[in-house]
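The structure appears right after this line, and notes come after that.
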Amino acid sequence: MKLLEHYEVINRSLNETEEEVSITVNEIANLLSCSHRNAKIIIQNLQEQKWIMWKSGIGRGNYSTLKLLKNFELLVVELAKVTITPHSIDQAITLLNKYQVKDSLQREFIDWIFHSYLSEYKDQSSNMHSRLHFPSYRPLPILDPAFVCRRSENHVMRHVFSQLVQFNQDTGDFLPHLAHFWEHNQDNTKWIFYLQKGVHFHHGKKMTADDVCYSFWRHKQPTSAYSWMVQDLYKVSAIQPYIVEFQFKKPCPFFLHMVASLGGSILPNDRSNRKRFPLGTGPYKISENTDEKLTLHVFNDYFLRRPFLEEIKIYFFPKLYDNATVIDSVPNSYNMNFYHYPYKGRELHDLEKYTALDRGSKLLTFNRKNGILANDPLLREAIVHLLSPEKMIRELGGTRHKKASHLLEQFEHGDLSRSKRRGREALAKSDYKGEPLVLASYTGAGNEADGQWIKEELLKEGINVSLTFHSYEHLHSLPLEQETDLLLGEQLSYESDLYTYLAAFKGDHNLLTRHLSEADKKTLEMLGENELDTLSLCRKVEDNSLHHNGHIHLYRIIQSAFYPSYVKGIHFNALGWIDFTKLWYKVKR
Numbered sequence: 001m002k003l004l005e006h007y008e009v010i011n012r013s014l015n016e017t018e019e020e021v022s023i024t025v026n027e028i029a030n031l032l033s034c035s036h037r038n039a040k041i042i043i044q045n046l047q048e049q050k051w052i053m054w055k056s057g058i059g060r061g062n063y064s065t066l067k068l069l070k071n072f073e074l075l076v077v078e079l080a081k082v083t084i085t086p087h088s089i090d091q092a093i094t095l096l097n098k099y100q101v102k103d104s105l106q107r108e109f110i111d112w113i114f115h116s117y118l119s120e121y122k123d124q125s126s127n128m129h130s131r132l133h134f135p136s137y138r139p140l141p142i143l144d145p146a147f148v149c150r151r152s153e154n155h156v157m158r159h160v161f162s163q164l165v166q167f168n169q170d171t172g173d174f175l176p177h178l179a180h181f182w183e184h185n186q187d188n189t190k191w192i193f194y195l196q197k198g199v200h201f202h203h204g205k206k207m208t209a210d211d212v213c214y215s216f217w218r219h220k221q222p223t224s225a226y227s228w229m230v231q232d233l234y235k236v237s238a239i240q241p242y243i244v245e246f247q248f249k250k251p252c253p254f255f256l257h258m259v260a261s262l263g264g265s266i267l268p269n270d271r272s273n274r275k276r277f278p279l280g281t282g283p284y285k286i287s288e289n290t291d292e293k294l295t296l297h298v299f300n301d302y303f304l305r306r307p308f309l310e311e312i313k314i315y316f317f318p319k320l321y322d323n324a325t326v327i328d329s330v331p332n333s334y335n336m337n338f339y340h341y342p343y344k345g346r347e348l349h350d351l352e353k354y355t356a357l358d359r360g361s362k363l364l365t366f367n368r369k370n371g372i373l374a375n376d377p378l379l380r381e382a383i384v385h386l387l388s389p390e391k392m393i394r395e396l397g398g399t400r401h402k403k404a405s406h407l408l409e410q411f412e413h414g415d416l417s418r419s420k421r422r423g424r425e426a427l428a429k430s431d432y433k434g435e436p437l438v439l440a441s442y443t444g445a446g447n448e449a450d451g452q453w454i455k456e457e458l459l460k461e462g463i464n465v466s467l468t469f470h471s472y473e474h475l476h477s478l479p480l481e482q483e484t485d486l487l488l489g490e491q492l493s494y495e496s497d498l499y500t501y502l503a504a505f506k507g508d509h510n511l512l513t514r515h516l517s518e519a520d521k522k523t524l525e526m527l528g529e530n531e532l533d534t535l536s537l538c539r540k541v542e543d544n545s546l547h548h549n550g551h552i553h554l555y556r557i558i559q560s561a562f563y564p565s566y567v568k569g570i571h572f573n574a575l576g577w578i579d580f581t582k583l584w585y586k587v588k589r
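Here it is, written out as structure tokens:
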């Protein structure tokens, strides 16, 4: 591909002109930082490829005529297509990312791969009917639940790890998983789990009670996304190779909800610090994880029913999440094979469509601990009334779908009626003097567009907002209570209503926790003696925070999946992703 690099330099130097240009071989040599002899060889090679037209001048040093015959970005896409095989598109993806072709061409290429190209081979190879290849918008370099709690990572980790028990959303019951039985004492301060035998980790080691002890105790590190789960845990012991005992400082009646979460994932105690390639006991194991793709292969020694799909491969295109670009140049027949993000302006006639309203919401929190907002309730009130989620959804579009007002839609009732007039009145009575409010968020998930919209809306009313975006990992390492006035991000929801509330108000990687008032935090320390009382108390904290304008929910997104009719078993989990273990392909005969 060295010749392509030479063509890029010449193309850029000539400003991508389509006109004939007078130029000497020496000037070409200077552009390419090579000798006169090598420049002549490169010119000859470019001619043979029909990338340029070259008319030689008479004599050394005289001007020749050069004309560019290829649009550079179209040429990159053309070459990328040549590198593809039915089993690998890796080299093509590398080429596109290296030369950063414009978004519309990148999306056209994606459609060609996942619909037109791969479909030509799926009837020729039975292997194609046991694979799922699809694009997504960002790499997943951290897939260890101790270090991340974010939608896409959580979904992938659900396929890599297993927990002691599982929560059944339909019945509200807990089911055996890695543990076949469990019991607790009367005051819920001691829990004992009896483990399945013969369960293997992805590297072959058999799971024992020591691995369970390690998996929970490591959350004692303050950097863990789940350190809140083990806050009152003072001892975890391997009583026997397949019996584990947990002891708490105070009653923990909702421990099963924690055990069933990703924080309860069991990892081997002999392999640590494998953030990109963690080992679990789940149905899929990670075989490849780079900035360009993630590959999961079925784990043949999985202790439960084996999934149908042999391989899941996700290719990462950084700008894929942006739904604002309308692609008019791509024929409608060139649709993607499987896609989570719909293109604005595209028709998807050939594919089935499955949609569902996301259980989670986009959240904006107000710092009630420190800073301007903590000491000015009228300013918080003003911001709440001056921001219209309906207007935000209407103007930004994309997957933003429905206004939200609570953590869970089922608890939304008597929603606040917002009024610009009330907002302006509150702002006039406030102590605000034009100081910039710092709004922080993490990159991705539409946060940049949401933050910019909020900034512009508030500026119209005389409220200045300074935006700052960080990587997810860096954001959660910052002292956000001291450095930010507003936090923007996704608030995830889970199958368990109670766990959704516990994670929201106590989770170390949840934004609500960082700006929650001290009064609300003290209330949460008085968690109930049973699940019903605990959920009721959490809802009271939410209502109190909303009443004092401690946070607002902005909207819920619509989750989509586009797929050919032969794909069966499509349904969304609570994270808004398709459960890969349920997918299977019905082949036409």
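In UniProt numbering, the protein residues as written are 1 to 589. Backbone N, C-alpha and C fix where the C-beta goes; we use that ideal spot for every residue, glycine too.
Here L178 carries a coil assignment [DSSP, helix/strand/coil]. Using a C-beta cut-off of 8 Å, the region 179 to 193 makes no contact with the region 272 to 284, since fewer than three inter-stretch Cβ pairs fall below that distance. Contact between the region 420 to 435 and the region 444 to 451 is absent: fewer than 3 CB-CB pairs across the two stretches fall below 8 Å. At the C-beta level, H177 and V165 come within 8 Å of one another. Taking 8 Å as the cut-off, the Cβ atoms of L480 and L487 count as close.
With respect to the 8 Å criterion, N549 and V298 are not classified as neighbours on the basis of their beta carbons.
Relative to the Cα of H133, the nearest Cα in the group L46, T295, L502 belongs to T295.
In the same chain as L175, and ignoring 5 residues on each side of it, the C-beta atoms closer than 7 Å to its own belong to V165, Q166, N168, in chain order. Residue environment analysis places V587 among the exposed positions, since fewer than 16 neighbouring C-beta atoms fall within 10 angstroms of its C-beta.
Beyond the five residues adjoining it in sequence on each side, S517 comes within less than 8 Å, by CB distance, of R368, K369, S545, H548, G550 in the same chain, given in chain order.
A check of alpha carbon separations from L262 across N269, Y226, N289 identifies Y226 as the nearest. By the 16-neighbour rule on beta-carbons within 10 angstroms, K98 is exposed. Following the DSSP letters along the chain, one finds G451 in no beta strand (DSSP E) but inside the alpha helix (DSSP H) bounded by residues 447 to 459. In the DSSP assignment, Y501 falls within the alpha helix (DSSP H) that extends over 497 to 506. At least 8 Å separates the beta-carbon of L498 from that of H219. Residue environment: D520 is assigned as buried (16 or more neighbouring CB atoms within 10 Å of its CB, all protein chains considered). L583 is the residue among H406, L583, F193 whose C-alpha sits nearest the C-alpha of L309. Taking one beta carbon from each stretch, the region 405 to 415 and the region 457 to 468 have fewer than 3 pairs nearer than 8 Å; the two do not touch. Selection L32, E311, Y315 evaluated against Y137 yields Y315 as nearest (Cα-Cα).
The beta carbons of Y555 and H413 sit no closer together than 8 Å. Of the other Cβ atoms in all chains shown, 16 or more fall within 10 Å of the Cβ of L535; this residue is therefore buried.
Just measuring C-alpha positions, the residue of F246, H202, D232, K206 sitting nearest F193 is F246.
CA-to-CA, the gap between Q491 and L537 works out to about 19 Å.
Cβ neighbours of K235 within its own chain (closer than 6 Å, five residues either side excluded): Q247.
L439 places its beta carbon 8 Å or farther from that of L379.
Going by DSSP, E78 is part of the alpha helix (DSSP H) stretching over 72 to 83. Taken through DSSP and simplified to helix, strand or coil, Y563 comes out as strand.
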